[in-house]
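Asker: Residue numbers (this note's numbering): 10 to 126.
By construction, the Cβ of each residue, glycine as well, lies at the ideal position given by its N, Cα and C atoms.
(1) Using the C-alpha atoms, what's the distance from residue 70 back to residue 101?
(2) DSSP state of residue 75, grouped into three classes?
(3) Please report the straight-line C-alpha distance between residue 115 and residue 37, rounded to a whole angstrom.
(4) Measure the alpha-carbon distance for residue 121 versus residue 72 and round it to whole angstroms.
(5) What residues are listed by DSSP as bridge partners for residue 133?
(6) Below 8 Å between beta carbons: does that hold for residue 56 and residue 67?
(7) How is residue 121 classed by DSSP in three states: helix, strand or coil?
(8) Here's the rule I'm using: 16 or more other beta-carbon atoms within 10 Å means buried, otherwise exposed. How should residue 64 be labelled?
(9) Between the Cα of residue 82 and those of 123, 10, 32 and 94, spot the shortest distance and give me the residue it belongs to.
(10) Contact defined as beta carbons within less than 8 Å: I believe residue 86 pairs with residue 42. What is the distance between those atoms, to the nearest angstrom?
(11) Counting along the chain, where does the alpha helix (DSSP H) carrying residue 39 start and finish?
So, in structure tokens, the structure goes:
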């Protein structure tokens with residue numbers, strides 16, 4: 010697989026979790042990636058992403074609580090999730106953000122995050 014997400018699990022409200030996304034070196038160099046999530050019965054939404062120059066962007070719903078980071082040496086993206094809330098419950102995916110001439114890879118399997126007491 011070219012994209013492998015991990016790190017999800019069950020966490021209590023107010024807790025923290027760190028998700029990892031390992032990609033192939035080619036994908037890491039060809040694309041800027043972001044973290045998407047999809048809750049049951051809802052559309053997939055983009056919550057955190059990186060653009061040229063390493064700028065980080067966040068959806069209002071996670072701003073101040075989530076942090077996206079990456080390291081080219083290990084071709085990995087992370088999503089640090091702090092102060093999680095029940096509405097953060099979803100399957101989380103990492104995937105390229107934006108338009109590219111290169112063909113985008115297939116979606117990974119995602120990692121389930123469940124926030125519940």
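Answerer: So, from the listed chains and residues:
(1) Counted from its first residue, the chain shown places residue 101 at position 92. Counted from its first residue, the chain shown places residue 70 at position 61. Each residue's Cα considered, the two are about 15 Å apart.
(2) Mapped onto the chain shown, residue 75 falls at position 66. In the three-state DSSP reduction, residue 75 falls in the strand class (E or B).
(3) Start at 1 with the first residue of the chain shown, and residue 115 comes out as number 106. Start at 1 with the first residue of the chain shown, and residue 37 comes out as number 28. When rounded, the distance between both Cα atoms is 14 Å.
(4) Locating residue 121 in the chain shown gives position 112, counting from the first residue. Locating residue 72 in the chain shown gives position 63, counting from the first residue. CA-to-CA, the gap between residue 121 and residue 72 works out to about 20 Å.
(5) For the chain, the structure presents residues 10 to 126; residue 133 sits outside this window and is missing.
(6) Translated into the one-based positions of the chain shown, residue 56 becomes position 47. Translated into the one-based positions of the chain shown, residue 67 becomes position 58. Cβ atoms of residue 56 and residue 67: closer than 8 Å.
(7) Mapped onto the chain shown, residue 121 falls at position 112. The answer is strand: DSSP assigns residue 121 an E or B state.
(8) Counting from 1 along the chain shown, the entry for residue 64 is found at position 55. The residue is exposed, with fewer than 16 neighbouring Cβ atoms inside 10 Å.
(9) On the chain shown, position 73 is the one that residue 82 refers to. If we check each option's Cα against that of residue 82, 32 comes out closest.
(10) For the purposes of this step, residue 86 is taken as the residue at position 77 of the chain shown. For the purposes of this step, residue 42 is taken as the residue at position 33 of the chain shown. That pair is a contact at about 5 Å.
(11) As a first step, residue 39 is located in the chain shown; it is residue number 30 there, counting from the start. First-last of the alpha helix (DSSP H) with residue 39: 34-39.
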